[in-house]
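Chemist: Here the UniProt record's numbering is used: the first residue of the sequence shown is 1, the next is one more, and so on. Please see the structure below; I have some questions.
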Amino acid sequence: MDVDGVRAETGRSRPDAPHPAAGTGPDPGDRRIDDAVIVGGGAAGLCLAHRLATAPGPDGAPGPHGATGPDGRARTRLTLTLVEAPEGPLRPAERTWCSWDTGPGDFEDAVTASWTRLRVWGPDGRPVEAEPAPLRYRMVRSGPFERLVHDRLASSPGARVLRATAHEVREARGKGYAAEVRCTAPGGQPLTLRARHVFDSRPLPRVPPHRTLLLQHFRGWFVRTGAPRFEPGVADLMDFRVPQPRHGLAFGYVLPLAPDRALVEYTEFSRTPLTTPAYEAALRHYTHRVLGLGPLTVESAEQGVIPMTDARFPRRTGPAVFRIGAASGATRPATGYTFAAVRRQSRAVATALHRGRPDVPPPHRRRHLAMDAVLLRALDTGRVDGPRFFTDLFRRVPMERMLRFLDGASTPWEEFGIGLRTPVLPMLRTAAELPFLPHRAAGRTETSPR
């Protein structure tokens with residue numbers, strides 16, 4: 001699932017035509033030096049580009065903000081290039097990102113739907129439903145979000161979108177700038193982008209060394225039913241009435257868009273993804289046997305895999321080269337939610353760059369990562385029953401407090417109380433063994449933060 005927000009996905013072609021702001025590339029002889037080059041047009045890249053383009057400049061006007069140069073003098077405008085994959089197999093399918101927030105958010109114009117009531121179904125068939133005010137759960141689709149950001153960049157002096165395939169990011173010494181991004185334009189011509197800072201959101205080829213690695217993998221249908229079957233004001237975050245796998249856990253996820261339309265997903269936390277036919281079979285069972293939707297039309301589908309791991313992700317690969325988004329560890333290990341952490345990270349990066357001290361702060365607090373490492377290990381070893389664990393937490397902890405905990409906004413005292421409502425002995429045993437477990441290398445990472 002995408003507990004911070006990002007629900008990620010693959011599985012459908014992008015219908016959007018390139019935005020007028022999305023150029024195919026500068027002249028190969030262009031000697032422009034950007035203050036920032038952002039590599040990747042996913043959630044992290046778009047959030048950071050939007051934040052940099054909307055931060056106020058020194059004169060108070062909207063647009064790329066000022067930054068301090070090496071001489072300590074303020075530059076009047078920050079220049080930036082957002083590098084996105086061109087149309088074709090490297091360009092991801094449209095994605096769905098979700099998070100909870102209070103009041104209007106940064107990207108309200110891109111919000112597809114929102115819910116003020118949330119529900120969790122236990123394996124015993126009993127629901128837990130609450131209104132976690134002032135929080136609401138919001139869905140953002142990547143297409144409208146991309147258009148919103150592109151519109152902002154098009155109206156911001158010094159900002160541009162470049163459609164190209166980035167191959168290499170490297171330091172540049174003694175050249176009057178700090179880093180280079182080697183790209184290929186859609187027509188095949190090589191391009192070199194020059195920058196004072198590079199923020200790279202591309203997925204890592206492999207998960208860093210870790211003690212535990214589970215995969216959150218899912219497939220979802222955007223469905224239309226023949227009769228009203230959904231409650232538009234209530235989102236089902238976890239529905240454990242589905243058959244459980246031998247290892248890990250499985251649940252349904254329902255986001256109503258209208259009385260007869262919804263995103264319905266089947267999700268597993270386990271070590272290995274399913275085949276597409278297996279996901280389809282699970283979705284047929286869930287929609288017909290569990291939800292009782294009757295005749296329905298699948299209008300589109302999404303599919304993805306999110307690593308859930310206690311690995312540590314480097315956030316800096318050089319003096320002027322930074323990783324952002326899931327590549328920097330923004331995905332919450334025990335939930336797979338990413339979008340809220342990405343938004344927080346983009347705000348912090350923009351503020352730091354504005355002050356002339358660029359940095360990418362840790363996306364999660366150490367104590368939250370430590371708690372997540374214990375939970376991941378307990379789930380992986382089978383010491384705790386996943387469906388019962390999550391259901392009991394939502395039954396015993398107020399929904400608003402639980403969501404703040406999942407978002408990393410809870411206090412240590414609240415977290416202590418939540419810990420007392422978990423299976424204490426299995427969790428303590430797991431916590432005691434973690435320091436002695438080796439970190440091992442992993443397989444490839446996957447796309448799709450939710």
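All C-beta atoms in this analysis are idealised placements derived from N, C-alpha and C, irrespective of residue type, glycine included.
Measuring alpha carbon to alpha carbon, tell me which of Arg211, Arg194, Val140, Pro412 ends up nearest Arg170.
Modeler: Within the sequence shown, residue 170 is the residue found at index 170, counting from 1. Here the closest residue by C-alpha is Arg194.
Chemist: For Thr116, which of helix, strand or coil comes out of DSSP?
Modeler: Counting from 1 along the sequence shown, the entry for residue 116 is found at position 116. Three-state DSSP puts Thr116 in coil, outside helix and strand.
Chemist: According to the neighbour-count rule (16 or more other Cβ atoms, all chains shown, within 10 Å of its Cβ), is Pro358 buried or exposed?
Modeler: Position 358 of the sequence shown holds residue 358. Buried, because 16 or more other Cβ atoms sit within 10 Å of the Cβ of Pro358.
Chemist: Using a 10 Å radius around the Cβ and a threshold of 16 neighbouring Cβ atoms, would you call Glu436 buried or exposed?
Modeler: Here residue 436 corresponds to residue number 436 of the sequence shown, with the count starting at 1. Reading the sequence as shown, one finds Phe at residue 436 and not Glu. Flag for Phe436 reads exposed.
Chemist: On a CA-only basis, which of Trp121, Arg91, Leu80 is nearest Pro387? Give me that one, please.
Modeler: Working through the sequence shown from its first residue, we reach residue 387 at position 387. Of the candidates Trp121, Arg91, Leu80, the one whose C-alpha sits nearest the C-alpha of Pro387 is Trp121.
Chemist: By alpha-carbon positions, which one of Gly188, Asp200, Gly143, Pro132 ends up nearest to Gly233?
Modeler: Locating residue 233 in the sequence shown gives position 233, where the first residue counts as 1. Of Gly188, Asp200, Gly143, Pro132, the residue nearest in Cα terms is Pro132.
Chemist: If you reduce the DSSP assignment to three classes, tell me which class Asp2 lands in.
Modeler: Locating residue 2 in the sequence shown gives position 2, where the first residue counts as 1. Low local confidence applies: a pLDDT of 40 at Asp2 is under 50, so the model's placement there is unreliable, with the coordinate-based value given in what follows. Looking at Asp2 - three-state DSSP - the assignment turns out to be coil, as it is neither helix nor strand.
Chemist: Per DSSP, which one or two residues make a beta bridge with Asp101?
Modeler: Translated into the one-based positions of the sequence shown, residue 101 becomes position 101. Bridge partners of Asp101: Arg136.
Chemist: Over the uninterrupted alpha helix (DSSP H) stretch that includes Ile418, give me the two end residues.
Modeler: Along the sequence shown, read from residue 1 onward, the residue named residue 418 stands at position 418. First-last of the alpha helix (DSSP H) with Ile418: 412-419.
Chemist: How far does the beta strand (DSSP E) with Arg163 in it reach, from first residue to last?
Modeler: Here the question's residue 163 lines up with position 163 in the sequence shown. First-last of the beta strand (DSSP E) with Arg163: 159-163.
Chemist: For Phe339, is the beta carbon positioned less than 7 Å from some heavy atom of the ligand FAD?
Modeler: The ligand FAD is absent from the structure shown, which contains no ligand whatsoever.
Chemist: Go ahead and label Pro104 buried or exposed: buried means 16 or more other beta carbons lie within 10 angstroms of its beta carbon, across all protein chains shown.
Modeler: Walking along the sequence shown from the start, residue 104 turns up at place 104. Flag for Pro104 reads exposed.
Chemist: Could you round the C-beta distance between Ser142 and Glu94 to whole angstroms and report it? I think they count as a contact, below 8 Å.
Modeler: The sequence position of residue 142 within the sequence shown is 142, counting from 1. The sequence position of residue 94 within the sequence shown is 94, counting from 1. 5 Å between Cβ atoms; contact.
Chemist: Excluding five sequence neighbours on each side, which residues of the same chain lie with their C-beta closer than 6 Å to the C-beta of Asp239?
Modeler: Residue 239 sits at position 239 when you count from the first residue of the sequence shown. Around Asp239: Trp121, Phe251, Gly252.
Chemist: Can you tell me the Cα-Cα spacing of His65 and Thr81, whole angstroms?
Modeler: By 1-based counting over the sequence shown, the position of residue 65 is 65. By 1-based counting over the sequence shown, the position of residue 81 is 81. Legend: pLDDT at His65 = 43, less than 50; position of this residue unreliable, no value from coordinates given.
Chemist: Tell me which residues share the same chain as Val39 and place their Cβ nearer than 8 Å to its Cβ, disregarding the 5 neighbours each side in the sequence.
Modeler: As a first step, residue 39 must be located in the sequence shown, where it is residue number 39. The residues are Gly45, Val83, Ala166, Val169, Val181, Val198, Phe199, Asp200, Ser201, Arg202.
Chemist: Return the chain-ordered ranges of every beta strand (DSSP E) run that is complete within the segment 327-364 and spans a minimum of 3 residues.
Modeler: Fully enclosed beta strand (DSSP E) runs of 3 or longer: not present.
Chemist: State the DSSP-derived secondary structure class of Pro256, mapped to helix, strand or coil.
Modeler: Here residue 256 refers to the residue found at position 256 when the sequence shown is read from its first residue. Of the three classes helix, strand and coil, the one that applies to Pro256 here is strand, per DSSP.
Chemist: Would you grab the beta carbon distance between Arg196 and Ala172 for me? Rounded to a whole angstrom, and I think it's under 8 Å.
Modeler: Here residue 196 corresponds to residue number 196 of the sequence shown, with the count starting at 1. Here residue 172 corresponds to residue number 172 of the sequence shown, with the count starting at 1. The pair is not a contact, with the Cβ atoms about 10 Å apart (cut-off 8 Å).
Chemist: Using DSSP with H/G/I as helix, E/B as strand and the rest coil, what is Thr276?
Modeler: Numbered from its first residue, the sequence shown carries residue 276 at position 276. In the structure shown, Thr276 sits in a helix (DSSP, three-state: H, G or I).
Chemist: If we ignore side chains and look at the alpha-carbon of each, how far apart do residue 451 and Pro228 end up?
Modeler: Residue 451 is absent from the model: the chain starts at 1 and stops at 450.
Chemist: Which residue marks the beginning of the beta strand (DSSP E) containing Arg194, and which one marks its end?
Modeler: By one-based count along the sequence shown, residue 194 stands at place 194. It spans 190-195 - the beta strand (DSSP E) in which Arg194 sits, taken as one unbroken run.
Chemist: Over the uninterrupted beta strand (DSSP E) stretch that includes Val128, give me the two end residues.
Modeler: The residue you call residue 128 lines up with position 128 of the sequence shown. Here the beta strand (DSSP E) through Val128 covers 127-130.
Chemist: Where does Pro62 fall in DSSP's three states?
Modeler: Working through the sequence shown from its first residue, we reach residue 62 at position 62. For Pro62, the pLDDT reaches just 41, beneath the cut-off of 50, and the residue's location in the model is therefore unreliable, although a value from the coordinates is still provided. Note: Pro62 maps to coil in three-state DSSP.
Chemist: So, are the CB atoms of Tyr286 and Val264 less than 8 Å apart?
Modeler: Here residue 286 refers to the residue found at position 286 when the sequence shown is read from its first residue. Here residue 264 refers to the residue found at position 264 when the sequence shown is read from its first residue. Result yes, Cβ atoms of Tyr286 and Val264 sit closer than 8 Å.
Chemist: Whose CA, out of Arg163, Asp101, Arg261, Met371, lies closest to the CA of Gln189?
Modeler: Along the sequence shown, read from residue 1 onward, the residue named residue 189 stands at position 189. For Gln189, the nearest C-alpha among the options comes from Arg163.
Chemist: Pull up the DSSP beta-bridge partners for Asp310, would you.
Modeler: Along the sequence shown, one-based indexing puts residue 310 at 310. Note: Asp310 sits in no beta bridge, so no partner.
Chemist: Report the three-state DSSP secondary structure of Glu302 (helix, strand or coil).
Modeler: What you label residue 302 is simply residue 302 of the sequence shown in a count that begins at 1. Glu302: strand per DSSP, three-state reduction.
Chemist: Using 8 Å as the cut-off, can you tell me whether the segment 212-219 makes contact with the segment 267-276, which would need three or more C-beta pairs spanning the two stretches below that distance?
Modeler: The segment 212-219 vs the segment 267-276: in contact.
Chemist: For Ser155, does the three-state DSSP call read helix, strand or coil?
Modeler: By 1-based counting over the sequence shown, the position of residue 155 is 155. Looking at Ser155 - three-state DSSP - the assignment turns out to be coil, as it is neither helix nor strand.
Chemist: Can you check which of these residues, Glu433, Pro438, Ala36, is closest to Ala159 by C-alpha distance?
Modeler: Residue 159 sits at position 159 when you count from the first residue of the sequence shown. If we check each option's Cα against that of Ala159, Ala36 comes out closest.
Chemist: What is the DSSP secondary structure of residue 465, counted as helix, strand or coil?
Modeler: With the chain represented from 1 up to 450, any question about residue 465 goes unanswered, as that position is not in the structure.
Chemist: Could you give the distance in angstroms between the alpha-carbon of Gln303 and the alpha-carbon of Gly88?
Modeler: Within the sequence shown, the letter at position 303 stands for residue 303. Within the sequence shown, the letter at position 88 stands for residue 88. Distance between the alpha carbons of Gln303 and Gly88 is about 18 Å.
Chemist: Would you call the segment 252-262 and the segment 405-425 in contact, with 3 or more CB pairs under 8 Å?
Modeler: At 8 Å Cβ cutoff, the stretches do not touch.
Chemist: So Ala282 packs on Phe230, CB below 8 Å; how close in whole Å?
Modeler: Locating residue 282 in the sequence shown gives position 282, counting from the first residue. Locating residue 230 in the sequence shown gives position 230, counting from the first residue. The Cβ separation is near 19 Å, so there is no contact.
Chemist: Suppose you measure from the CA of Arg75 to the CA of Cys47; what does that come to, to the nearest Å?
Modeler: Along the sequence shown, read from residue 1 onward, the residue named residue 75 stands at position 75. Along the sequence shown, read from residue 1 onward, the residue named residue 47 stands at position 47. Confidence in Arg75 is poor, its pLDDT being 47 and thus under 50, which makes the residue's placement too unreliable to answer from.
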